[in-house]
Amino acid sequence: MNLPRSRLQYRFPAGALAAALVFALIAGALAYALGERRANEAAHQTIAGMQAAVEKTAAIAVYAHDAPLMREVLEGVARNSLVRQVDIVDDGGRTLLQGSGRAAPVHASEAVVLQPLKSPFDAGETIGAMRIEIDGDQLQRVARREAWLMALLMVGQAALIAMIVFLTGARLVSRPIVRLARALAMMPPGSTQLLPTPRGHAHDEIGTLVQSANDLLSANAQALQRERELRQDIEAMEAQYRQIFDSTSAGIFVLDRQGRLINGNPTVLKVIGGGVRDLRQMRGRDFLELVFARPERARAMIEQAALRNETMSADLELRAAEGRTRWAHCLLSVQEARRPDETTDSMAMDGVVEGVLYDITERKQVETDVRRRADHDALTGALNRNGIDEAIDRHLAHGDATDALTLLYLDLDGFKQINDRHGHHHGDEVLQQAVQRIQSELRRNTDLVGRIGGDEFVVALAHSGPTDVAASQIAASIVARLCEPFELDGGRAVAEIGVSIGMASFPRHGRQRRELMHAADEAMYWVKRHGKNGYATALAEK
Numbered sequence: 287m288n289l290p291r292s293r294l295q296y297r298f299p300a301g302a303l304a305a306a307l308v309f310a311l312i313a314g315a316l317a318y319a320l321g322e323r324r325a326n327e328a329a330h331q332t333i334a335g336m337q338a339a340v341e342k343t344a345a346i347a348v349y350a351h352d353a354p355l356m357r358e359v360l361e362g363v364a365r366n367s368l369v370r371q372v373d374i375v376d377d378g379g380r381t382l383l384q385g386s387g388r389a390a391p392v393h394a395s396e397a398v399v400l401q402p403l404k405s406p407f408d409a410g411e412t413i414g415a416m417r418i419e420i421d422g423d424q425l426q427r428v429a430r431r432e433a434w435l436m437a438l439l440m441v442g443q444a445a446l447i448a449m450i451v452f453l454t455g456a457r458l459v460s461r462p463i464v465r466l467a468r469a470l471a472m473m474p475p476g477s478t479q480l481l482p483t484p485r486g487h488a489h490d491e492i493g494t495l496v497q498s499a500n501d502l503l504s505a506n507a508q509a510l511q512r513e514r515e516l517r518q519d520i521e522a523m524e525a526q527y528r529q530i531f532d533s534t535s536a537g538i539f540v541l542d543r544q545g546r547l548i549n550g551n552p553t554v555l556k557v558i559g560g561g562v563r564d565l566r567q568m569r570g571r572d573f574l575e576l577v578f579a580r581p582e583r584a585r586a587m588i589e590q591a592a593l594r595n596e597t598m599s600a601d602l603e604l605r606a607a608e609g610r611t612r613w614a615h616c617l618l619s620v621q622e623a624r625r626p627d628e629t630t631d632s633m634a635m636d637g638v639v640e641g642v643l644y645d646i647t648e649r650k651q652v653e654t655d656v657r658r659r660a661d662h663d664a665l666t667g668a669l670n671r672n673g674i675d676e677a678i679d680r681h682l683a684h685g686d687a688t689d690a691l692t693l694l695y696l697d698l699d700g701f702k703q704i705n706d707r708h709g710h711h712h713g714d715e716v717l718q719q720a721v722q723r724i725q726s727e728l729r730r731n732t733d734l735v736g737r738i739g740g741d742e743f744v745v746a747l748a749h750s751g752p753t754d755v756a757a758s759q760i761a762a763s764i765v766a767r768l769c770e771p772f773e774l775d776g777g778r779a780v781a782e783i784g785v786s787i788g789m790a791s792f793p794r795h796g797r798q799r800r801e802l803m804h805a806a807d808e809a810m811y812w813v814k815r816h817g818k819n820g821y822a823t824a825l826a827e828k
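Heads up: take any position in the sequence shown, counting from 1, add 286, and you land on my numbering.
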């Protein structure tokens with residue numbers, strides 16, 4: 287890992303030097319101005335002091351008109367480098383004596399200092415004045431020299447302080463931090479190494495920083511170790527759940543909201559059967575259409591699950607595989623999720639369908655067998671009395687006045703003699719063949735045959751009324767078939783019977799099952815009384 291180019295150890299001194307430079311410039315400018323002003327003040331004070339020193343001598347010389355003394359005074363004053371010209375004038379302003387000096391024009395009124403001279407004997411009497419012209423150029427040179435000296439001292443002081451701050455900061459702050467940064471950069475990810483505390487920084491902010499960084503590194507190392515352990519635990523749990531997912535007896539699958547397969551476990555193939563060997567062949571295809579015999583029921587369950595936000599369950603028939611009907615108990619739930627809808631700039635509902643399949647084919651077969659034994663005659667396979675009664679009641683309950691139903695009440699003629707002559711086992715054989723012959727004459731799969739007594743049967747012809755020629759044709763064909771000889775015991779015996787049939791239709795002969803059965807029974811007895819082996823229709827209900 288490379289350290290950044292903009293390093294702290296360079297930025298810190300650069301900032302310190304920049305600040306020192308700005309400070310030095312400001313301080314130098316202020317020092318220059320202050321030095322120049324102080325030099326001017328000092329020069330004027332020097333001139334004033336010099337005037338005060340020679341004032342009495344000059345006053346005596348003027349009072350006594352002592353020219354040599356006045357000249358001596360003027361020459362003494364003129365020796366000062368700041369004096370350009372010095373004169374002594376009387377009280378009328380006439381020049382008494384002009385001293386030597388560097389004659390030059392006066393630059394400004396401030397460059398001339400006029401010192402009054404008082405009488406030695408009367409302080410209130412002015413007898414003249416000493417006029418001193420200051421050398422402005424010399425004064426400026428002296429002032430600038432003083433100002434520059436002070437400015438250089440200030441700049442040097444600022445530079446020295448900046449250097450001291452830089453060296454101190456580099457030693458105490460930036461250099462330890464740079465070393466820490468290098469040490470931290472050299473640590474590999476996930477390392478348990480700790481940063482060393484720089485010498486002399488155990489109890490200051492650098493030491494606190496190192497300790498905090500080491501605490502963070504230790505916590506990070508512990509978190510990484512814990513994460514590794516959790517990852518191992520999760521991987522172990524995933525392996526266990528995967529084994530359970532793959533080996534469970536329940537078929538588990540996930541669909542999108544359109545019913546297309548996303549994923550599933552191998553048990554799904556065992557439950558649905560068929561020629562699919564790999565579940566991947568079904569991915570992306572309509573799972574409901576491929577698997578269920580009535581996919582609309584599964585779709586309705588999905589809609590109800592999404593609407594109620596609960597799991598729906600039902601027994602569903604699967605598509606026949608290898609000629610065998612299969613059933614599965616199916617549980618379906620919808621897991622909704624919100625996603626952004628790019629077309630409407632809003633949130634749209636999306637999700638998946640989670641499903642579970644249990645193979646209940648054997649249970650369904652047992653239930654079917656139990657129901658068949660409950661409503662079918664064990665000997666002939668036809669509906670028993672309870673089964674045919676329920677079938678007729680269902681038709682009457684779900685139908686209307688225009689939905690016709692015709693009942694044929696059959697009683698076998700001469701059956702008792704078969705039992706007496708050939709035995710009950712042959713009688714049973716006649717009953718079985720009789721039911722087969724009756725069923726062979728029916729034309730619709732909705733037509734039913736029921737055995738309601740020993741040799742009494744009821745045929746229910748759905749959607750057939752009293753004016754329907756088909757009902758009479760079926761009755762006639764049944765009479766003809768049952769009057770044909772019955773071969774018994776593999777052809778070693780022959781038996782003959784007849785049949786009397788009474789017919790009653792809904793709603794002409796009644797609106798309840800009992801009424802229809804009674805009307806058909808009356809018609810059947812009428813046939814028996816009039817020669818048997820025939821059929822008749824009941825009289826209309828009064």
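Ideal Cβ positions, reconstructed from N, Cα and C, are used throughout, including at glycine.
What would DSSP say about residue i, mapped onto helix, strand or coil?
| i | result |
| --- | --- |
| T692 | strand |
| D490 | coil |
| G820 | strand |
| Q479 | coil |
| E596 | coil |
| S460 | helix |
| A302 | helix |
| S632 | For S632, the predicted model reports a pLDDT of 49, less than 50, meaning its position is unreliable; a value from the coordinates is still stated below. Strand at S632. |
| H684 | helix |
| S504 | helix |
| P581 | helix |
| G777 | helix |
| Q378 | Checking the sequence, you will find Gly at residue 378 rather than Gln. Coil at G378, not helix or strand. |
| E750 | Note on residue identity: the sequence assigns Ser, not Glu, to residue 750. Note: S750 maps to coil in three-state DSSP. |
| H615 | strand |
| M473 | coil |
| H662 | strand |
| N731 | coil |
| D706 | helix |
| V392 | Any reading at V392 must be qualified, since the residue scores a pLDDT of 44, below 50, and its modelled position is unreliable; the value itself is stated next. Coil at V392, not helix or strand. |
What span of residues does the alpha helix (DSSP H) with residue i cover, start to end?
| i | result |
| --- | --- |
| G422 | G422 to G455 |
| L669 | Where L669 is concerned, there is no enclosing alpha helix (DSSP H), given that its DSSP letter is neither H nor E. |
| F573 | F573 to V577 |
| R767 | V755 to L768 |
| I646 | Careful: I646 lies outside any alpha helix (DSSP H) and carries neither H nor E. |
| P354 | A353 to A364 |
| L802 | R799 to R815 |
| L555 | T553 to I558 |
Determine the extent of the beta strand (DSSP E) in which residue i is found, giving its start and end residues.
| i | result |
| --- | --- |
| G784 | G784 to F792 |
| A536 | No beta strand (DSSP E) holds A536; DSSP gives it neither H nor E. |
| T381 | T381 to Q384 |
| E715 | It is not in any beta strand (DSSP E) - E715 instead sits in the alpha helix (DSSP H) that spans H710 to E727. |
| A409 | Segment: none, A409 is in no beta strand (DSSP E) and carries neither H nor E. |
| G736 | L734 to R737 |
| L403 | V398 to K404 |
| G550 | L547 to G550 |
On the criterion of 16 or more Cβ atoms from any shown chain inside 10 Å, does residue i qualify as buried, or is it exposed?
| i | result |
| --- | --- |
| D532 | exposed |
| D645 | buried |
| V780 | exposed |
| P462 | buried |
| F792 | buried |
| E648 | exposed |
| V765 | buried |
| H795 | buried |
| G378 | exposed |
| T666 | buried |
| R612 | buried |
| D775 | exposed |
| I787 | buried |
| S395 | At S395 the pLDDT is 41, less than 50, meaning the model places this residue with poor confidence; the figure from the coordinates comes in the next sentence. With fewer than 16 Cβ atoms within 10 Å of its Cβ, S395 is classed as exposed. |
| D733 | buried |
Of all Cβ atoms in chain C, is any one closer than 8 Å to the Cβ of residue i?
| i | result |
| --- | --- |
| A471 | Protein chain content of the structure displayed is limited to a single chain, and chain C is not contained in it. |
Below 8 Å, how does it come out for the region 739-751 and the region 687-702: are there three or more Cβ pairs, yes or no?
Yes: the two stretches touch, three or more of their Cβ pairs being nearer than 8 Å.
Could you tell me whether the region 499-507 touches the region 474-485, using the rule of 3 or more Cβ pairs below 8 Å?
Flag = yes, the region 499-507 and the region 474-485 touch.
Measuring CB atoms only, is the region 527-547 touching the region 565-584, in the sense that at least three cross pairs come out at less than 8 Å?
They touch, by the three-pair rule.
Quick test of the definition: if touching needs 3 or more C-beta pairs under 8 Å, does the region 400-417 touch the region 444-458?
Two segments are said to touch when three or more pairs of C-beta atoms, one from each, lie closer than 8 Å; by this definition the region 400-417 does not touch the region 444-458.
Three-pair Cβ contact test at 8 Å for the region 510-517 versus the region 484-496
Touching, no, given that fewer than three Cβ pairs across the two stretches are closer than 8 Å.
Is the region 672-691 close to the region 799-817, with three or more CB pairs under 8 Å?
The region 672-691 is in contact with the region 799-817.
So does the region 363-376 actually touch the region 333-348, counting three or more Cβ pairs closer than 8 Å?
Touching, yes, given that three or more Cβ pairs across the two stretches are closer than 8 Å.
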